[in-house]
Each structure stands twice: as structure tokens, then as C-alpha cells.
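Just so you know, the sequence shown maps onto residues 375 to 751 in our numbering.
Here's the structure we're looking at; comments come further down.
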Amino acid sequence: MMNRQHPPTGLFELLARSWERPAAVAAVVFSGDGATVAFAGADGTVSLARVADPESALSRVRVSGDLGQTSIRPPARAPRPLVDAPAFGSGPAPIVATDGADFLVGGADGTVVRLATSGEVEPTPVRLGGPVVALAASAGGSAAASDGTVVLVFAARGDAAPVRLAADDAGGIGALAFARGGRRLAVATADGLAVLDTRDDGAVLADVALPSRALAPVWAPGDRLIGTPLAGGGFALVDPVGGGVRVFGDFPAPVRTVSFSGPAEAVLASGAFRVAGWSTARPVAVDDPGGGAIVSGRAGLVPVESLAAHPTRSLVAAGYANGQILLVQVGARGELLVKPAGGAVTALAWSPDGRHLAAGDADGGASIVTFPPQLFK
Numbered sequence: 375m376m377n378r379q380h381p382p383t384g385l386f387e388l389l390a391r392s393w394e395r396p397a398a399v400a401a402v403v404f405s406g407d408g409a410t411v412a413f414a415g416a417d418g419t420v421s422l423a424r425v426a427d428p429e430s431a432l433s434r435v436r437v438s439g440d441l442g443q444t445s446i447r448p449p450a451r452a453p454r455p456l457v458d459a460p461a462f463g464s465g466p467a468p469i470v471a472t473d474g475a476d477f478l479v480g481g482a483d484g485t486v487v488r489l490a491t492s493g494e495v496e497p498t499p500v501r502l503g504g505p506v507v508a509l510a511a512s513a514g515g516s517a518a519a520s521d522g523t524v525v526l527v528f529a530a531r532g533d534a535a536p537v538r539l540a541a542d543d544a545g546g547i548g549a550l551a552f553a554r555g556g557r558r559l560a561v562a563t564a565d566g567l568a569v570l571d572t573r574d575d576g577a578v579l580a581d582v583a584l585p586s587r588a589l590a591p592v593w594a595p596g597d598r599l600i601g602t603p604l605a606g607g608g609f610a611l612v613d614p615v616g617g618g619v620r621v622f623g624d625f626p627a628p629v630r631t632v633s634f635s636g637p638a639e640a641v642l643a644s645g646a647f648r649v650a651g652w653s654t655a656r657p658v659a660v661d662d663p664g665g666g667a668i669v670s671g672r673a674g675l676v677p678v679e680s681l682a683a684h685p686t687r688s689l690v691a692a693g694y695a696n697g698q699i700l701l702v703q704v705g706a707r708g709e710l711l712v713k714p715a716g717g718a719v720t721a722l723a724w725s726p727d728g729r730h731l732a733a734g735d736a737d738g739g740a741s742i743v744t745f746p747p748q749l750f751k
């Protein structure tokens with residue numbers, strides 16, 4: 375439960391380090407070790423920030439001995455500048471974290487490179503026939519890339535030759551996502567979602583038809599469900615074993631993000647005037663599109679653009695079209711206003727330990743918000 379509903383003025387300035395980038399932020403990604411954040415721009419550039427901060431909000435918290443009141447001292451210096459990497463094309467570059475400290479980035483030239491925290495790039499053996507449109511990596515060290523027609527699987531580190539896993543002559547492959555175990559790979563095609571076995575020559579484990587293209591599939595904790603926004607509106611929840619599909623429609627705005635909360639056993643989606651959510655505690659029910667709905671936070675006047683479920687708490691960070699960022703209790707009304715206004719929030723991501731929230735917006739704003747544990751109880 376959050377212990378404060380109305381934060382003092384300037385909470386974002388107290389907790390966050392912020393930078394301005396030359397283009398809208400398309401994605402934010404924490405490295406596998408949680409030490410670095412990558413901000414990928416809509417112009418093909420990537421900038422890096424170290425999470426460690428000599429003036430972290432954690433070091434500026436003071437608790438009075440007599441009353442037990444918590445205060446946060448403002449930072450005395452500007453944050454260290456971002457580290458800029460070379461541009462990888464003229465549009466957003468697919469980027470994922472490896473299981474270590476670096477990242478993989480897909481280029482417009484069909485190559486995939488490793489991006490170090492220093493901003494230096496190192497080539498990989500991946501060479502595709504067209505621009506990289508989809509990229510994925512697993513905690514087990516596997517990675518996959520596609521140019522829309524071919525899927526190559528390769529080691530995130532090392533120089534072993536990639537393996538051709540699947541092909542779609544129509545060029546319909548648009549997104550990839552590894553299950554946490556690293557063996558199963560979800561492949562979004564023009565009309566559905568396939569799950570392939572990467573250790574059995576790409577054997578098809580499931581092939582599910584969807585009402586429109588799957589945009590950004592994500593696996594639930596335990597790998598028992600896949601959620602994905604749909605190009606035609608709403609989102610779908612897929613059982614990759616049983617083949618059940620549950621479609622959630624009637625959203626007032628496009629669903630750009632789907633996120634699973636393990637602690638709350640819920641699937642959460644943007645695109646509504648509050649955080650939309652449904653329980654995942656029971657199996658997917660195709661004939662029950664409204665069942666299991668949960669209410670989180672309060673309804674606002676602008677839609678949720680992006681969200682990210684907290685890795686260890688029943689909380690979700692929600693970013694809005696008016697620049698607001700809220701922390702919302704899943705299944706309850708509690709909210710904490712983190713940022714009151716700004717550019718439309720385009721991307722959010724939590725650090726693996728849940729202490730830091732990275733955010734990017736349509737105006738090029740990039741930030742890392744550090745939450746002292748005293749804000750929660």
C-alpha cells in the first residue's frame with residue numbers, strides 16, 4: 375500500500391534525473407544486470423545512462439528521529455550527460471538487453487550489433503536481407519532477429535553462425551518474444567501468432583489465428599500466457615499450450631502496451647482512461663470477454679499511453695498522453711502522482727530490482743526515477 379496519495383510539489387524533480395534528446399523516445403530498456411538504461415529514439419539513435427548515481431534519491435532521504443517524517447533533499451548538481459551511440463538508421467532501431475551488461479541493436483542494413491555501455495558497437499554474425507524489424511533475447515543467452523521474411527536464432531554473445539529458424543515469403547513477421555526459459559519463441563505474423571521450438575529446428579508448438587496483426591507480444595510470468603496489442607485495436611491473451619484466445623476490444627484509444635503483473639496475477643493494458651486490467655488467475659476463457667476485470671486507480675480525462683508492471687509489487691507505472699506518470703495499485707484505487715505534465719509518455723520500464731523507473735516521451739524527454747523504499751509501506 376502506498377502511504378502518500380498527494381505528493382509534494384516537485385516530486386519528479388526530487389526523484390528523477392532527466393535529459394533532453396533530439397527526437398521522441400521510442401523505447402527504454404534496462405540492461406540485464408540493471409546497471410544501464412538505453413533510450414532508443416525515433417530517429418534511429420540510442421543514448422545510454424548509468425543507473426548508479428552519486429546523488430541518488432536514495433542517498434538524499436532523511437528521516438527525522440523524533441517524528442519519523444521523511445524528507446528528500448534536492449540534488450545539488452545536474453546529472454551526468456548521456457552516452458550517445460551511432461545512429462542505426464533513420465527510424466526506431468529494435469533494441470533488447472542481453473543476459474549481461476550490453477544490448478543488441480538491429481540496423482537498417484540488416485545487421486545486428488552488440489552495444490556496450492560505453493557506446494561502442496561490436497558486430498555479430500547476423501546478416502539479414504533487409505532492415506531488422508524484430509529482435510528478441512532470452513535470459514538464457516539466446517537471441518533472434520527478423521527482417522520480416524526470415525527468423526535467425528543466434529547466441530547473444532559469441533560468434534557462432536546463426537541458425538535459420540523460420541521463413542515467411544509474404545514478409546509478415548513483425549515481432550518476436552522469447553519465453554523466459556529461452557526455448558520457445560513467439561513469432562507475430564500478419565494474421566496470428568506462432569510459437570516455435572528453437573531447439574527442434576523451429577517446430578511449430580502452437581499457431582493461433584488473431585483478428586488482426588499482433589504488434590508486441592509479451593510472455594506472462596511462468597510462460598503460461600502471451601499478451602499482445604492488436605493492430606486493429608484492443609489486445610489478445612493467448613494460451614500457447616491449449617490454443618485458447620481471448621480478445622479484449624472496445625478501447626477508446628490504441629492499445630500500445632500490454633504488461634503482466636506477477637504479484638497481482640493480472641494482465642494490464644494501456645488505451646483506456648485508467649489502467650485496464652484482468653485477472654490471470656484462471657485459464658483463458660474464449661467465451662467470457664468481460665469476466666475477471668479488475669479496477670485499478672481512478673479514471674482520468676486522457677488515455678494511458680504506456681505502462682509497465684512492477685516486478686515485485688502489485689503496482690503499475692502508467693504514462694499518459696498529457697505527460698503524467700502515475701504509480702497505480704493493481705486492483706485498488708491507490709495512486710501516486712510522480713510527474714504532473716510533459717510530453718506524451720511513449721515508453722516505461724522498471725529495473726530488475728524495481729527501484730528505478732525509466733521513462734521516455736514524445737518530446738524527447740528521457741528520465742530515470744529512483745524510488746526510496748520509504749514511499750511505500
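Think of the CB as a built atom: it goes at the ideal place given N, C-alpha and C, for glycine as much as any other residue.
Predicted, not measured: the structure shown is a model, and the values here were computed from it.
**Q.** Span of the beta strand (DSSP E) around Leu700
**A.** In the sequence shown, the residue the question calls residue 700 occupies position 326. Its beta strand (DSSP E) spans residues Ile699 to Gln703.
Q. What do you reckon, are the CB atoms on Gly671 and Arg648 nearer than 8 angstroms?
A. Within the sequence shown, the letter at position 297 stands for residue 671. Within the sequence shown, the letter at position 274 stands for residue 648. Yes, Cβ-Cβ distance for Gly671 and Arg648 is below 8 angstroms.
Q. Can you tell me whether DSSP reads Val429 as helix, strand or coil?
A. Counted from its first residue, the sequence shown places residue 429 at position 55. The displayed chain sequence assigns Glu, not Val, to residue 429. Residue state, collapsed to three classes: coil.
Q. How should Gln698 be labelled, buried or exposed, when 16 other C-beta atoms within 10 angstroms of its C-beta is the threshold for buried?
A. Translated into the one-based positions of the sequence shown, residue 698 becomes position 324. By the 10 Å Cβ count, Gln698 comes out buried.
Q.
Tell me the rounded alpha-carbon separation between Ala588 and Asn696.
A. In the sequence shown, residue 588 corresponds to position 214, counting from 1. In the sequence shown, residue 696 corresponds to position 322, counting from 1. Straight-line Cα distance between these residues: approximately 26 angstroms.
Q) From the DSSP output, which residues share a beta bridge with Pro603? A) Here residue 603 refers to the residue found at position 229 of the sequence shown. As a beta-bridge residue in DSSP terms, Pro603 pairs with Phe609.
Q: Compute the Euclidean distance between the alpha carbons of Val704 and Asp543, then round it to the nearest angstrom.
A: By 1-based counting over the sequence shown, the position of residue 704 is 330. By 1-based counting over the sequence shown, the position of residue 543 is 169. C-alpha separation (whole angstroms): 42 angstroms.
Q | Three-state class that DSSP yields for Gly708 in the structure shown | A | As a first step, residue 708 is located in the sequence shown; it is residue number 334 there, counting from the start. Coil at Gly708, not helix or strand.
Q | Spatial distance of Trp593 from Ala412 (CA atoms) | A | Taking the sequence shown and counting its residues from 1, one reaches residue 593 at position 219. Taking the sequence shown and counting its residues from 1, one reaches residue 412 at position 38. In a straight line, the C-alpha of Trp593 is about 21 angstroms away from that of Ala412.
Q | Arg451 to His730 span [Cα, whole Å] | A | Looking up residue 451 in the sequence shown gives position 77. Looking up residue 730 in the sequence shown gives position 356. Using only the alpha carbons, I get a separation of about 19 angstroms.
**Q.** Three-state secondary structure (DSSP) of Ala462
**A.** Numbered from its first residue, the sequence shown carries residue 462 at position 88. Note on residue identity: the sequence assigns Phe, not Ala, to residue 462. Three-state DSSP puts Phe462 in coil, outside helix and strand.
Q) Going straight from the alpha carbon of Gly739 to that of Glu394, what length do you get? A) Reading the sequence shown from its first residue, position 365 is the one you call residue 739. Reading the sequence shown from its first residue, position 20 is the one you call residue 394. Their Cα atoms are separated by approximately 5 angstroms.
Q: Would you mind sorting Gly606 into buried or exposed? The rule is 16 or more other CB atoms within 10 Å of its CB.
A: For the purposes of this step, residue 606 is taken as residue 232 along the sequence shown, with counting starting at 1. Answer is exposed; the Cβ neighbour count stays below 16.
Q.
Does Thr752 pass the burial test, meaning 16 or more other C-beta atoms within 10 Å, or should it be called exposed?
A. Outside the modelled stretch of the chain, which goes from 375 to 751, sits residue 752, for which no answer is possible.
Q. Exposed or buried, Gly596, counting other C-beta atoms within 10 Å across all chains shown (16 or more means buried)?
A. As a position in the sequence shown, residue 596 is number 222, starting the count at 1. Classified as exposed, Gly596 has fewer than 16 neighbouring CB atoms from the shown chains inside 10 Å of its CB.
(Q) Let me make sure I understand the geometry here. Which of Ala627, Phe625, Pro591 and Gly545 has the alpha-carbon closest to that of Arg558? (A) Indexing the sequence shown from 1 puts residue 558 at position 184. Residue Pro591 is the option with its Cα nearest to Arg558.
Q: Enumerate in chain order the residues of its own chain whose CB-to-CB distance from Pro637 is below 7 angstroms, with the five nearest sequence positions on each side excluded.
A: Working through the sequence shown from its first residue, we reach residue 637 at position 263. Contacts found: Thr686, Arg687 and Ser688.
Q: Name the one or two DSSP bridge partners that Leu489 has.
A: By one-based count along the sequence shown, residue 489 stands at place 115. Beta-bridge pairing links Leu489 to Phe477 and Val495.
Q | Reduced DSSP secondary structure (H/G/I, E/B, other) of Leu502 | A | Working through the sequence shown from its first residue, we reach residue 502 at position 128. Coil.
Q: Grab me the residues of Thr485's own chain with a C-beta within less than 8 angstroms of its C-beta, minus the 5 sequence neighbours each way, in chain order.
A: As a working mapping, residue 485 is identified with position 111 in the sequence shown. Hits under 8 angstroms: Pro497, Thr498, Val500, Arg501, Leu502 and Val506.
(Q) Looking only at its chain, what residues have a beta carbon closer than 6 angstroms to the beta carbon of His380, apart from the 5 residues adjacent to it on each side? (A) Numbered from 1 along the sequence shown, position 6 holds the residue referred to as residue 380. Low confidence applies to His380: its pLDDT is 43, below 50, so where it sits in the model is not reliable, and the reading given next is rough at best. Within the same chain, His380 has no close Cβ partners at all.
**Q.** Gln748 in three-state terms, based on DSSP
**A.** For the purposes of this step, residue 748 is taken as the residue at position 374 of the sequence shown. If DSSP states are grouped into helix, strand and coil, Gln748 belongs with the helices.
Q: Mark Ala733 as exposed unless 16 or more other C-beta atoms lie within 10 angstroms of its C-beta, in which case mark it buried.
A: For the purposes of this step, residue 733 is taken as the residue at position 359 of the sequence shown. Counting Cβ neighbours within 10 Å, Ala733 comes out buried, since at least 16 surround it.
Q) Taking contact to mean at least 3 C-beta pairs separated by less than 8 angstroms, is the stretch 476-494 in contact with the stretch 396-412? A) yes
(Q) Comparing C-alpha positions only, which one of Ala398, Phe609, Asp533 and Ala426 sits nearest to Gly465? (A) Working through the sequence shown from its first residue, we reach residue 465 at position 91. Checked all of Ala398, Phe609, Asp533 and Ala426; the closest Cα to Gly465 is Ala398.
Q: Please report the Cβ distance between Leu642 and Ala683, rounded to the nearest whole angstrom; I am assuming they are in contact, meaning their Cβ atoms lie under 8 angstroms.
A: The residue given as residue 642 occupies position 268 in the sequence shown. The residue given as residue 683 occupies position 309 in the sequence shown. Right, the Cβ-Cβ distance comes to about 6 angstroms (below 8 angstroms), so this counts as a contact.
Q | Bounding residues of the alpha helix (DSSP H) (the contiguous stretch that carries Phe386) | A | Working through the sequence shown from its first residue, we reach residue 386 at position 12. That run of the alpha helix (DSSP H) goes Leu385 to Leu389.
(Q) For Thr491 and Gly504, what's the separation of their Cα atoms in angstroms? (A) Here the question's residue 491 lines up with position 117 in the sequence shown. Here the question's residue 504 lines up with position 130 in the sequence shown. In a straight line, the C-alpha of Thr491 is about 27 angstroms away from that of Gly504.
Q: Check Asp571 in the structure and name its three-state DSSP category.
A: On the sequence shown, residue 571 is found 197 positions in, with the first residue counted as 1. Residue state, collapsed to three classes: strand.
Q) Are Asp755 and Leu584 touching if we call contact CB-CB under 8 angstroms? A) This structure cannot settle anything about residue 755, because the visible part of the chain is limited to 375 through 751.
Q) Below 8 angstroms between beta carbons: does that hold for Pro726 and Gly408? A) Here residue 726 corresponds to residue number 352 of the sequence shown, with the count starting at 1. Here residue 408 corresponds to residue number 34 of the sequence shown, with the count starting at 1. It is a contact, given that the beta carbons lie within the stated cut-off.
Q | Sequence-distant residues of its chain with Cβ nearer than 7 angstroms to Pro382 (five each side left out) | A | Here residue 382 is taken as the residue at index 8 of the sequence shown, counted from 1. Low confidence applies here, because Pro382 scores a pLDDT of 43, under 50, leaving its location unreliable and the question unanswered by this model.
Q: Go to Gly651, then tell me how far its beta strand (DSSP E) extends in each direction, as first and last residue.
A: As a working note, residue 651 is residue 277 in the sequence shown. Unbroken beta strand (DSSP E) run through Gly651: Val649 to Ser653.
Q | Every unbroken beta strand (DSSP E) within the stretch 515-572, with a cutoff of 3 residues, ordered by chain | A | 516-520, 524-529, 537-541, 549-552, 558-562 and 566-571
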